[in-house]
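For reference, the structure discussed in these notes is given below.
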Amino acid sequence: MGRPIGVALRDFEADALEARGWPMGYSEYKVAKAAMNAYSRLLARRYPALHVNCTHPGYVKTDITMNSGILTPEEGARNVVKVALLPEGGPTGKFFAEGEEASFV
Numbered sequence: 001m002g003r004p005i006g007v008a009l010r011d012f013e014a015d016a017l018e019a020r021g022w023p024m025g026y027s028e029y030k031v032a033k034a035a036m037n038a039y040s041r042l043l044a045r046r047y048p049a050l051h052v053n054c055t056h057p058g059y060v061k062t063d064i065t066m067n068s069g070i071l072t073p074e075e076g077a078r079n080v081v082k083v084a085l086l087p088e089g090g091p092t093g094k095f096f097a098e099g100e101e102a103s104f105v
């Protein structure tokens, strides 16, 4: 996992993201999200007694979305808390979008 992140950082510093095929528009955010998704799966495998999941709160009205999101911050937080409060023996190493289990994209 470290190598792709290192390559992304090098390409970012060289202002070569687009030329080297990285996603454009919030590139740093997208690469960081992909890294977090991958790391949550690695942690879930390494520590099976823990429940490690990754969650996306939804398209929330925040500064990063220039307040164009469709969910309030409270609704986004509710989606994250729903995942945090999953029952004992629940899923691990999964991705949740708006509080529901989803496949990794």
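In the UniProt record's numbering, the protein residues as written are 1 to 105.
Ideal Cβ positions, reconstructed from N, Cα and C, are used throughout, including at glycine.
Given the structure is predicted, the values throughout are model-derived calculations rather than measurements.
Asked, Found
"Residues bridged to His-56 (per DSSP)", "Ala-97"
"Contact check, Gly-21 vs Asn-53, beta carbons under 9 Å", "no"
"When Asn-79, Leu-85 and Glu-13 are compared against Glu-100, the one with the closest alpha-carbon", "Asn-79"
"8 Å contact criterion, which Glu-98 and His-51 should meet: CB distance rounded", "Going by Cβ atoms, the distance from Glu-98 to His-51 rounds to 19 Å, so no, they are not a contact pair."
"Exposure label - Gly-25; buried when at least 16 CB within 10 Å", "exposed"
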